[in-house]
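Structure first, then comments.
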Amino acid sequence: MNKYDTQTLQEYDRRYVWHPFTQMKEWEEDEPIVIERGEGSFLIDTDGTRYLDGVAAIWTNVHGHCKKEINEAIKAQVDRLEHSTLLGLAGEQPALLAKRLVDIAPPGLCKVFYSDNGSTAVEIAVKMAFQYQQHKGHTGKTKFISFTNAYHGDTVGAMSVGGIDIYHDVYSPLLFPTIKAPAPYCYRCPMETSDSSSCGKVCLKELERLMADHAHELAALVIEPRVQGAGGMITQPEGFVRTVRELCNKYDVLMIADEVAVGFGRTGAMFACEKEGVTPDLMALSKGITAGYLPLAATLTTQQVYNAFLGEYRELKTFFHGHTFTGNPIACAAALASLDLIEKEQLLANLQPKIEYLKDRLNSLKSLVHVGDVRQEGLIGGIELVRNRATKESYHWEERIGVLVCRAARKHGIFLRPLGNIIVVFPPLSISLAELKQLMDGIEASIREVTE
Ligand code: PMP
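In UniProt numbering, the protein residues as written are 1 to 452.
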């Protein structure tokens, strides 16, 4: 029995909560769904209505909601120790998790620096890369190269290496300047090539030109490997990440892989970089690290980067960075329980039929009149809606076509959150085939209802 009824909770929400990435004027005029609990692939509201979670609670959920094993690991840890202790003390859970992360990470990544969200994991990588170059005596290497359409988080450093104008423009006087390379967005080629098969190559050529011109001043390159998430689930051509790694080696630029959204199985491999046999110099992880249960993040790096920070205290080589909730033991316990489950339940092997099924369903959506492009990487799908398929004319953002489709999906018992005109498919990795069918049926019906 609820202590408060739905209307009271809606009223409290409207009156007191300021929601992220939300136009609050619009929100205040609406009646929000109030979620009370989760169960497997479903979120359940205060009236008992069940919604299939099509976006894995903002791209984090691995094993479904309220998974018994993770709940129990959290409860057990609460009774042992609840606070972070890494500032001055070592801790059982963070030590065990660091070893475990190094064991599964791309070979060569061997040090783990904890924080508590994806933006800070990237921010830390940026600061580490900058300071590394200073310690190595490359004092002119102070700049960063990143991609158009990139999203790396909302803190100032993470926004500086980001590339989504609509999110970042207002803050531009606050941000440090970076060099932007064109990201391969083959449906709308930034280099205006007519041959879509060469799109990635043209972008790489331009990237190499920029890196060659700026090598003397570049500390690091930042990339979301295999798929740019918030930019619109934009997938990269095969081999792109590997060539980026080669260019970083050639021009002596550190490579930062932001695996915040794609890490922990989402692409069908444990980490996206693995799909191209790449080890970055720094790798940012969050979201799926605790299967979505608790805030935790990690920035992994190599012995080479770590060694540059070793010295006498007076040399000021220390990495002067650390957050209060760094490596919280409850979050680490949840992460360890999740990694146990990934192994025990053979998550990666079990994903394959679901990835194949998603592929078929996305392909069949291409026949809808207002579906311009479909993209897939592992258990991630992006469906780009267009007003005119022949000309690729977009819907104007004010039409809120993505929002309307996601609204319609609620009537089919599905919760989705769009990225502009792109419908995102990002369910818990544990979703069953039957649930995935329900999700794709609902998405297809909703697109038809709104656009046809
Ligand atoms: N990097 C990527 C690739 C992301 O997708 C996100 C979040 N969507 C972030 C960084 C930021 O993570 P957080 O929201 O936890 O700060």
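Heads up, the beta-carbon is just placed ideally off N, CA and C, and yes, glycines get one too.
Between which residues of its own chain and residue i is the CB-CB distance below 6 Å, once the five residues before and five after are set aside?
{"i": "S119", "result": "G153, D154, T155 and A158"}
{"i": "A269", "result": "K275"}
{"i": "A57", "result": "G292"}
{"i": "M211", "result": "L247 and Y251"}
{"i": "V425", "result": "G381"}
{"i": "C332", "result": "Q93, P94 and L97"}
{"i": "G40", "result": "G64"}
Rounded to a whole number of angstroms, what is the C-alpha to C-alpha distance between residue i and residue j?
{"i": "T178", "j": "K3", "result": "51 Å"}
{"i": "D258", "j": "T235", "result": "14 Å"}
{"i": "I104", "j": "H135", "result": "29 Å"}
{"i": "S432", "j": "D45", "result": "21 Å"}
{"i": "G38", "j": "F415", "result": "12 Å"}
{"i": "F147", "j": "L175", "result": "15 Å"}
{"i": "A390", "j": "D373", "result": "11 Å"}
{"i": "E36", "j": "S198", "result": "49 Å"}
{"i": "T6", "j": "D47", "result": "7 Å"}
{"i": "Y16", "j": "V170", "result": "25 Å"}
{"i": "V253", "j": "I447", "result": "44 Å"}
{"i": "W18", "j": "V34", "result": "15 Å"}
{"i": "K411", "j": "G140", "result": "57 Å"}
{"i": "Q23", "j": "S286", "result": "26 Å"}
Using the DSSP secondary-structure output, state which residues sit across from residue i in a beta bridge.
{"i": "T299", "result": "F113 and A284"}
{"i": "M191", "result": "Paired residue(s): none; M191 is not in a bridge."}
{"i": "D45", "result": "I35"}
{"i": "S146", "result": "K180"}
{"i": "Q376", "result": "G381"}
{"i": "G40", "result": "H65"}
{"i": "E393", "result": "N388"}
Excluding sequence positions up to five away, which residues of its chain have a Cβ less than 8 Å from the Cβ of residue i?
{"i": "N421", "result": "E384, L385, V386, S394, Y395, W397, I401 and G402"}
{"i": "F42", "result": "R50, Y51, L52, D53 and H65"}
{"i": "L86", "result": "P94, Y114, G322, T326 and G327"}
{"i": "K143", "result": "P177, T178, I179, H214, E217, L218 and A219"}
{"i": "L348", "result": "G265, G268, A269, M270 and I342"}
Excluding the 5 residues flanking residue i on each side, which residues of the same chain have their C-beta closer than 7 Å to its C-beta?
{"i": "I124", "result": "F113, S115, T299 and H321"}
{"i": "L310", "result": "K317"}
{"i": "I330", "result": "I74, Q77, V78, E82 and L294"}
{"i": "P32", "result": "Q10 and D13"}
{"i": "L101", "result": "V112, A298 and L300"}
{"i": "G163", "result": "S146, F147, T148, N149, A150 and K180"}
How close, in whole Å, do the beta carbons of residue i and residue j come, if the pair is a contact with beta carbons under 8 Å?
{"i": "Q228", "j": "C110", "result": "28 Å between Cβ atoms; not a contact."}
{"i": "L89", "j": "L336", "result": "Wrong, their Cβ atoms sit about 19 Å apart, outside the cutoff."}
{"i": "V260", "j": "A408", "result": "Actually they do not touch by this definition, with Cβ atoms about 30 Å apart."}
{"i": "A150", "j": "A129", "result": "That belief does not hold up - the Cβ atoms of A150 and A129 are roughly 16 Å apart, past 8 Å."}
{"i": "A181", "j": "E206", "result": "6 Å"}
From this set, the options, which residue's C-alpha is nearest residue i's C-alpha?
{"i": "E246", "options": "M233, Y187, G263 and D281", "result": "D281"}
{"i": "G413", "options": "Q438, P427 and R389", "result": "Q438"}
{"i": "G108", "options": "L221, M283, Q93 and G48", "result": "M283"}
{"i": "I380", "options": "S338, A335, N388 and M440", "result": "M440"}
{"i": "D360", "options": "E315, D340, W27 and E444", "result": "E444"}
{"i": "Y187", "options": "H214, M233, V161 and E224", "result": "M233"}
{"i": "N61", "options": "P237, E72, K180 and S430", "result": "S430"}
{"i": "I166", "options": "I35, L419 and L221", "result": "L419"}
{"i": "G378", "options": "I355, H370, G231 and W18", "result": "I355"}
{"i": "P106", "options": "G200, L221 and G263", "result": "G263"}
{"i": "V305", "options": "E345, I256 and E312", "result": "I256"}
{"i": "F21", "options": "R80, N71 and H168", "result": "H168"}
CB of residue i to nearest heavy atom of the ligand NAD: below 7 Å?
{"i": "H19", "result": "Judged by which ligands are present, the ligand NAD is missing from the structure shown, whose ligands are the ligand PMP."}
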